[in-house]
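Chains as they are written, first to last, in the numbering used here: chain P, 1 to 481; chain D, 1 to 481; chain U, 1 to 137; chain C, 1 to 137.
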Amino acid sequence: MNNGKIPTRAFLEMRKEVLNQWITGKEVVLDEAIAYQASIQAEKRFSARLAKAIVEKETLVQPRAGVALPAEHIKLLKHLQDEGTADLLPTTIDSYTRHNRYHEAQTGIDESVRTGKSLLNGFPAVNHGVSVCRNIVESLNVPLQVRHGTPDARLLAEITLAGGFTSFEGGGISYNIPYGKNNSLEKTITDWQYVDRLVGYYEEKGIRINREPFGPLTGTLVPPCISHSVAILESLLAAQQGCKCITVGYGQCGNQNQDIAAIRTLEKLTKEYLGRFGYRDVVVSTVFHQWMGGFPQDEAKAYAVIGWGAATAVLSGATKVIVKSPHEAFGVPTAEANANGLKTSKQLTVMLKDQIAVETPLLVAEMDIIEKETRSILEAVLKLGNNDFGLSALRGFEAGLIDVPFAPAQCNANKALPARDNNGAIRFLDFGNLPFDEDIKAFHRQKLQERADVERRDVSFQMVIDDIYAVSKGRLVGRPR
Amino acid sequence: MNNGKIPTRAFLEMRKEVLNQWITGKEVVLDEAIAYQASIQAEKRFSARLAKAIVEKETLVQPRAGVALPAEHIKLLKHLQDEGTADLLPTTIDSYTRHNRYHEAQTGIDESVRTGKSLLNGFPAVNHGVSVCRNIVESLNVPLQVRHGTPDARLLAEITLAGGFTSFEGGGISYNIPYGKNNSLEKTITDWQYVDRLVGYYEEKGIRINREPFGPLTGTLVPPCISHSVAILESLLAAQQGCKCITVGYGQCGNQNQDIAAIRTLEKLTKEYLGRFGYRDVVVSTVFHQWMGGFPQDEAKAYAVIGWGAATAVLSGATKVIVKSPHEAFGVPTAEANANGLKTSKQLTVMLKDQIAVETPLLVAEMDIIEKETRSILEAVLKLGNNDFGLSALRGFEAGLIDVPFAPAQCNANKALPARDNNGAIRFLDFGNLPFDEDIKAFHRQKLQERADVERRDVSFQMVIDDIYAVSKGRLVGRPR
Amino acid sequence: MEKTTVVIGVIGADVHAVGNRIIEYAMNQAGFNVVNLGVMVSQKEFVDAAIETNAKAIIVSSLYGHGELDCRGLGDACKEAGLDVLLYVGGNLVVGKSDFEVVEEKFKKMGFDRVYPPGSDIEQGIRDLTADLKNKA
Amino acid sequence: MEKTTVVIGVIGADVHAVGNRIIEYAMNQAGFNVVNLGVMVSQKEFVDAAIETNAKAIIVSSLYGHGELDCRGLGDACKEAGLDVLLYVGGNLVVGKSDFEVVEEKFKKMGFDRVYPPGSDIEQGIRDLTADLKNKA
Ligand code: B12
Ligand code: B12
């Protein structure tokens, strides 16, 4: 694994192999790609739009969306732009492409053509190649981002950046732990250093590409300190390869105080750690993900969850919010359902723009605990890896110093267990090997005991299960029935 | 106008005339009605359900609903109860009945039968009479309230209370000013003293009926101090006639801090004034009305407004929330749309039940200003009327010491004008004759000037117009385009 | 040039006052001489006012859902009174969310020249009125 | 009495791990011997595990929308391997919100004994399985 920016020559050498992974790799010619990117006007660039939002204190809305075939994909995105009034657009990649199974993706494309129905859960950008991507970018008026979940996204990045996308989601940790089973963390971090280096290369040539570590991880009761630690490590890794525009993310937990505290500390700590290692010129923005766990099936109830997410996002001051649809519990939304989720969200991001969440003692206390926890993790991890970010992450996960709840990845300890406290904030029920001092641990225990007392039952795994189902059943805290 | 509780004998004499207003009046036999009310179990009584909600810190959800014909009306309410999971049910009365135009209501009923479609905007309870009302009450499992807007509701109260309804909305001020043009305030206050006396009579016989002054008034940019003053005067009037269970209301303004401050001060001040005049045994609860002004036409956007209302209601600690539907901008909602509004609201009232809005300096400041304003109005008004509540109200409106924005009633001064400040809180742009001291006035002027500076235009009526349209156009503050 | 007079008001037992205020304001701004009858206006009041003020148009609003019951006969009443006015109506004309084309047809049959769906922009109404008045002249 | 063995897992390139954990927990609680293959399980892994552990049922989950592509052939593969197992499938089987009856029919044709719509309660699955196993015995 690299520690330090990959030297240009070595990087250019690596590219050859990457571009050979699938035939569309041949379409990428770096100089031409940079010239193409340079031709994209500011309004359609992620970095510029985010910078404007920061100045004007806006919270931008962005959906998830992707279907198998280009024409349908463009139609879908246009609908989200025009009817849904999306400020930013995505292209969500299908799961075969995410696993580099381009042959299976091709089958999905062919079957989708045959049946006239998208049989893939996203857009297979690698199979479609550079010029199709450009076609998409040129058909729309707002900035476009690649959203996926790909452990090895090197070829995908090459093709989509050459294709004119101005933002790329993911990271060596956040697209491994929640998105795979047997992927070596060493390999995914290395592969993502390549992606970051590619973005750094564009940056050197004057093309700013936005990078966004995937904040919500498993989307299931992830305490802020865990996702913050991952976001900050990935920001450091990205900055090290020359990325200068980073959006750190967080998935809503549902307790408003904790959510606002999370966004504020995420921004603060990311800037702090970047500064500490000398990356002071990185522009940091934040993304708030509306509730990422199981949704209610009923659409009216789903609208409630969506609206609450948008409201919390704007009150927290997040730069953008990723929006869910009323179809969430069922499947990939139709264009209409997706636009509806956007409209619900936009109504609130604009309506509440002029209200600010003030710093209350409760908010400050929650910020303090998140900061303490995150620092505990990061300090322990960075020490173990001698401030080599990749190595720190690797060893940190090995030792369970970072531990993502409910992750499918075998390189994750899977010992820490979260549960909600009596006000719905997410705490730890089991610390696993998290490097917390006794004060922090006592705080969590006390918080869960408060709930146990109210519910007249012991703190137990049953609480966790009840919490997993809670939102989909119309509650936040999974009370006993 | 009476000052003091109407003597029993006089009251019973008045009843004869009232019951003669329409033939169904004959069906009312007071002793039998009381016996019938006594047979209604606690779960179906408003007072008991509200008391339980107060103890358990719940925020109950209640829709508006009413159609012309009994069978359809029952079907509608059942749907709202079973599918919409309404905690409390209404019966919204049609506009002809509200104006005592029972002949026109009959035409509406007949035409509705003929066309098989409800041509009335509510349920004409007087025309249908006592036994039909009982039928409705018996068909449902949750408490039922009469909601209307009737300046002279004496007969309606007689029939519906004998019919088993356990709560009655309205008041001599709140059902005059926003709901009529030429109604004498003296007459409506007197007529409502009758209604309150009727409720007091039931109370004497051990039957508790909930009374709810109509909080939102014109629903259009009403500053909290105005609606608070009306709510408190009506509470005093009701308590004087023997009512012991009062729910005071407030219509959402959209700035969360002001809304929470409003509910908290409404409860506090109502209890304080009731106590001051010796009505210490009155049980006071609060109702929060989701946004009462113009709604967005788009249903996804309407869901956003509905959800935000429900969230603010529960965070404010209101005892119940009156719910809008996604059809609000178009017309009386279908049963399905109405149930959807309920479900969106319920998801949030339950999900956010365990979160409390803490007292921040900002909240305390807003509570202070609302208290000061409300006290200024009430003290001036009570002084003018020598603590005779009816007279005070009458003279207060005459003098413009209370002044409801956008009211159709000619007895309202219509000089005060509201506009939003830069954070969306509702302030006064024109004070009319409101009895505010210079401190209060300076505060409002400063707040509006802040906005004017940001918008680079003068404080003017154009702001008011922009604010009236704002929510329906996706904003809260009507910024210039 | 003399201002064109229009009569405006909210028909029936309807008390929705906010839109009416805005219509008054907007039509004044647009240069009309506005006779505002306010809310709860009967058919007779509309007709009498139009006669009295020599109005060129009657702008009826109905928000509360009883529009169909309240407006029936207004067209004929105008004719009978010998009035030659443009008759416009808007607001939330019927009970419930419904197919506007059906509603429009119904009100046109009652004698209305133009019928507007819920939430229509009054500015559009003013543009239409200006054009219709020109066409008539 | 010996416990009945069931094989569970999430098929294809699907990594949704949460439901799988809960199914493991619930079936353990219900007294089954649960062989959990976790996420990203191939058809071959399901078949091999069932043979190896002498399982009486295979419980397939598919959440991510590629269920149709991934499950095709699993029924035949079981038959070919000479397996006599109950084959259940649940989750969010296809891309998008769709008519469940059509989906059910499609998966039954592929050889599944029972097919469950999105968000189905695993307890229902356990009740059905207990009944089906009894019927078979
Ligand atoms: C959390 C989540 C994620 C997390 C998963 C973390 C992890 N590794 O576990 C993350 C963020 C990583 C993720 C990623 C993706 N997700 Co996802 N995800 C969800 C979400 C919100 C909740 C899933 C969940 O945990 N539910 C809680 C558990 C307890 O319920 P469950 O999973 O449904 O399982 C229960 C039942 O289904 C049932 N059940 C399951 N199997 C069986 C079998 C039988 C026989 C029976 C009886 C019952 C049964 O019992 C289980 C236990 O109660 C759902 C939407 C939703 N449901 O609200 C989308 C959802 C499943 N994801 C979806 C998609 C598309 C993806 C992505 C492709 C793209 C994306 N949006 O990022 C990637 C796919 C990655 C991959 N290769 O698999 C789609 C699937 C679309 C479709 N089928 O049409 C969904 C429906 C969201 C949507 N509407 O678009 N996701
Ligand atoms: C505020 C309000 C009230 C206030 C009114 C206060 C007052 N005195 O003014 C209160 C709370 C008192 C009230 C009472 C009632 N209301 Co109300 N109310 C509303 C609400 C929320 C907003 C109305 C408003 O002020 N809009 C802002 C103004 C600027 O817009 P506007 O009124 O639509 O007017 C504009 C346009 O329509 C257009 N326009 C109007 N006329 C014309 C004519 C022409 C020619 C043109 C071109 C344009 C045009 O221009 C206007 C200016 O921009 C609407 C729903 C909505 N729209 O969101 C319901 C609504 C109008 N009310 C309704 C009802 C049923 C009632 C009640 C019967 C029962 C109840 N729910 O309490 C009572 C009726 C009392 C009565 N007798 O009239 C229904 C009508 C149902 C229907 N048609 O099917 C609505 C649609 C709500 C609903 N979905 O149920 N209401």
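Glycine included, every Cβ here is placed at the ideal spot set by N, Cα and C.
Is there at least one non-hydrogen atom of ligand 1 closer than 7 Å to the beta-carbon of residue i?
i	result
D/V364	no
D/A302	no
P/P216	yes
C/Y116	yes
P/P326	no
C/Y138	Here chain C comprises residues numbered 1 to 137, so residue 138 of chain C is not present and cannot be evaluated.
C/Q43	no
P/F330	yes
C/H16	yes
C/R72	no
For residue i, which residues of its own chain have a beta-carbon under 6 Å away from its beta-carbon, when the five flanking residues on both sides are left out?
i	result
P/W192	G171, G172
P/R98	H148, G149, T150
D/P224	A262, I370
D/E83	A339
D/P216	G251, H289, M292
What is the rounded straight-line gap between the Cα of residue i and the Cα of residue j?
i	j	result
P/Q347	P/G4	44 Å
D/E373	D/N257	17 Å
D/A153	D/L50	24 Å
D/Q297	D/V283	39 Å
C/V89	U/D70	59 Å
P/D466	P/V477	8 Å
P/S227	D/V146	51 Å
C/A131	C/G125	10 Å
U/F32	P/T92	55 Å
P/L355	P/L315	A small fix is needed here, since residue 355 of chain P is Gln in this sequence, not Leu. About 7 Å.
D/K205	D/F431	45 Å
D/R438	D/A399	Here the sequence assigns Glu to residue 438 of chain D, which means Arg is not the residue at that position. D/E438 and D/A399: Cα-Cα distance of roughly 19 Å.
P/A407	D/L448	52 Å
C/P117	C/V85	21 Å
C/E80	C/G65	26 Å
D/P143	D/L120	24 Å
U/L37	D/S392	30 Å
Going by the C-beta, is residue i closer than 7 Å to any heavy atom of ligand 3?
i	result
D/S184	For ligand 3, the structure offers nothing, since it holds only ligand 1 and ligand 2.
Should residue i be counted as a contact of ligand 2 given a C-beta to heavy atom distance under 7 Å?
i	result
D/M292	yes
P/N255	no
D/F406	yes
D/R64	yes
P/S469	First, the residue type needs correcting, since residue 469 of chain P is Tyr and not Ser in the sequence shown. Checking the Cβ of P/Y469 against ligand 2 gives no.
U/I23	yes
D/Y250	no
D/H73	no
Counting only the same chain and skipping the five closest in sequence on each side, list residues whose C-beta sits under 8 Å from that of residue i.
i	result
P/R375	L269
P/V18	G25, R154, L155, E158, Y194
If I'm right that residue i touches residue j with Cβ under 8 Å, what's the distance once you round it to whole angstroms?
i	j	result
D/L417	D/V471	Their Cβ separation, rounded to whole angstroms, is 18 Å, which puts D/L417 and D/V471 out of contact at 8 Å.
P/E243	P/R211	Looking at the sequence itself, residue 243 of chain P is Cys, so the reference to Glu does not match. Their Cβ separation, rounded to whole angstroms, is 5 Å, which keeps P/C243 and P/R211 in contact under 8 Å.
Excluding five sequence neighbours on each side, which residues of the same chain lie with their C-beta closer than 7 Å to the C-beta of residue i?
i	result
P/V126	W22, T24, T97, Y102, L155, L156, I159
D/N176	P151, N183, L185, T188, A409
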